[in-house]
Amino acid sequence: MPLAQLITPQQLAEQLDSPKLVILDCRFALEDVDYGQRSYAEGHIAGAHFADLERDLSGKVVKGVTGRHPLPEPQRLVERLREWGVDNDSQVVLYDDGPGAFAARAWWLLAWLGKRDGVSILDGGLKAWHAAHLPLSLDPAPKREGTFSGEPDMHLLIDAEQLAKTLKKPELTLIDARGLPRFRGEVEPIDPVAGHIPGAQCAAFTDNLGADGRFLPADQLKQRFDEKLAGRAPEQLVAYCGSGVTACHNLFALALAGYPLGRLYAGSWSEWINDPQHGVATGD
């Protein structure tokens with residue numbers, strides 16, 4: 287089974303009564319950290335548990351050391367997944383409002399912990415669910431303790447020190463999921479330094495989606511990333527973004543296109559700029 291799986295609203299609606307199904311609502315807004323919890327309380331897909339980016343899918347921020355969304359402590363995340371009822375053989379469906387960035391972060395974390403079968407992202411997210419005229423629920427998620435057991439695969443990560451040593455190697459493909467203005471350093475609405483890691487290419491995560499907000503077909507995604515790889519081995523690809531969230535969207539799209547899972551620089555730009563010895567580039 288391919289690592290990256292999509293599910294349509296209609297397919298999910300037909301599976302809502304499945305005993306193996308676990309749904310995680312990953313809605314979040316960087317500019318309003320309570321948005322996801324509030325939106326969940328106002329209506330969610332029946333049976334869904336709420337997975338908060340900052341409380342559940344990230345670890346503790348250490349100012350001047352970590353990025354804005356460091357990885358969660360693995361055992362704590364395993365425990366949280368069990369609280370949501372996840373078993374090793376669960377069918378897990380992840381959704382957010384639609385672009386899929388926060389759902390993709392959850393997908394990557396599950397893959398990191400070894401859960402690589404039976405995990406899908408709702409294609410088009412809640413926007414597509416609404417467009418299909420499917421209902422929301424106000425009922426709390428069912429309480430059931432899961433038995434999930436996972437161990438982090440550190441081969442899926444690269445840290446700042448390793449990346450700094452790798453930057454000049456010709457086999458590296460480094461892609462930045464932020465939009466082009468932020469990549470170029472023309473604007474920086476969040477972090478104190480503008481620009482990008484030297485040698486990176488801009489691969490805005492939004493370009494993985496069509497006008498309808500759903501993921502592009504696999505052949506179009508493959509063409510997109512073929513151009514970024516330019517003949518280099520996909521195993522040497524490293525993805526980053528502002529804080530390690532939207533980079534996971536690119537890793538998911540790469541897997542949809544049939545590529546092996548690249549590495550994530552989880553600290554991303556917001557961690558990179560903590561060290562004044564790290565290079566900063568602007569422009570293209």
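In this text, residue positions in the sequence shown follow the working numbering: the first is 287, and each later residue adds one. Every residue, glycine too, gets a C-beta built ideally from N, C-alpha and C.
Could you tell me the alpha carbon to alpha carbon distance between residue i and residue j, rounded to whole angstroms?
i, j, result
"residue 549", "residue 489", "15 Å"
"residue 529", "residue 556", "6 Å"
"residue 540", "residue 547", "7 Å"
"residue 316", "residue 521", "31 Å"
"residue 537", "residue 390", "8 Å"
"residue 365", "residue 324", "24 Å"
"residue 342", "residue 506", "33 Å"
"residue 414", "residue 449", "38 Å"
"residue 421", "residue 331", "7 Å"
"residue 296", "residue 305", "18 Å"
"residue 533", "residue 508", "17 Å"
"residue 477", "residue 350", "12 Å"
"residue 535", "residue 440", "19 Å"
"residue 300", "residue 307", "11 Å"
"residue 328", "residue 424", "7 Å"
"residue 517", "residue 387", "27 Å"
"residue 426", "residue 322", "15 Å"
"residue 437", "residue 493", "32 Å"
"residue 355", "residue 383", "19 Å"
"residue 435", "residue 411", "27 Å"
"residue 564", "residue 368", "39 Å"
"residue 311", "residue 326", "7 Å"
Just curious, the beta strand (DSSP E) that residue i is in, first and last residue?
i, result
"residue 526", "523-526"
"residue 505", "Where residue 505 is concerned, there is no enclosing beta strand (DSSP E), although the alpha helix (DSSP H) it sits in stretches over 504-515."
"residue 292", "291-293"
"residue 405", "405-408"
Answer with yes or no whether the minimum CB distance from residue i to chain C is below 8 Å.
i, result
"residue 397", "Among the protein chains of the structure shown there is no chain C, as only one such chain exists."
Please name the residue or residues paired with residue i in a DSSP beta bridge.
i, result
"residue 581", "The question about residue 581 has no answer here: the residues shown for the chain are numbered 287 through 570."
"residue 423", "330"
"residue 567", "482"
"residue 261", "The requested residue 261 is not part of the displayed model; the chain covers only 287 to 570."
"residue 434", "DSSP lists no partner for residue 434."
"residue 314", "Bridge partners of residue 314: none, in fact."
Would DSSP call residue i helix, strand or coil?
i, result
"residue 355", "coil"
"residue 533", "helix"
"residue 298", "helix"
"residue 542", "helix"
"residue 443", "strand"
"residue 491", "helix"
Just reading off the alpha helix (DSSP H) that residue i is part of, what are its end residues?
i, result
"residue 452", "446-452"
"residue 325", "321-328"
"residue 395", "387-398"
"residue 556", "554-558"
"residue 458", "Residue 458 -> no alpha helix (DSSP H), and no H or E assigned at all."
"residue 364", "360-369"
"residue 416", "411-417"
"residue 466", "466-470"
Discussion item. Using a Cβ distance threshold of 8 Å, determine whether the region 396-405 contacts the region 339-347, with at least three qualifying pairs required.
Written reply: no
Worksheet item: Should the region 519-528 be called in touch with the region 457-469, which here means at least 3 C-beta pairs below 8 Å?
Response: yes
Worksheet entry | the region 350-361 / the region 375-382 touching (three or more Cβ pairs under 8 Å) | no
Worksheet item: Are the region 469-480 and the region 433-446 touching by the rule of at least three beta carbon pairs closer than 8 Å?
Response: no
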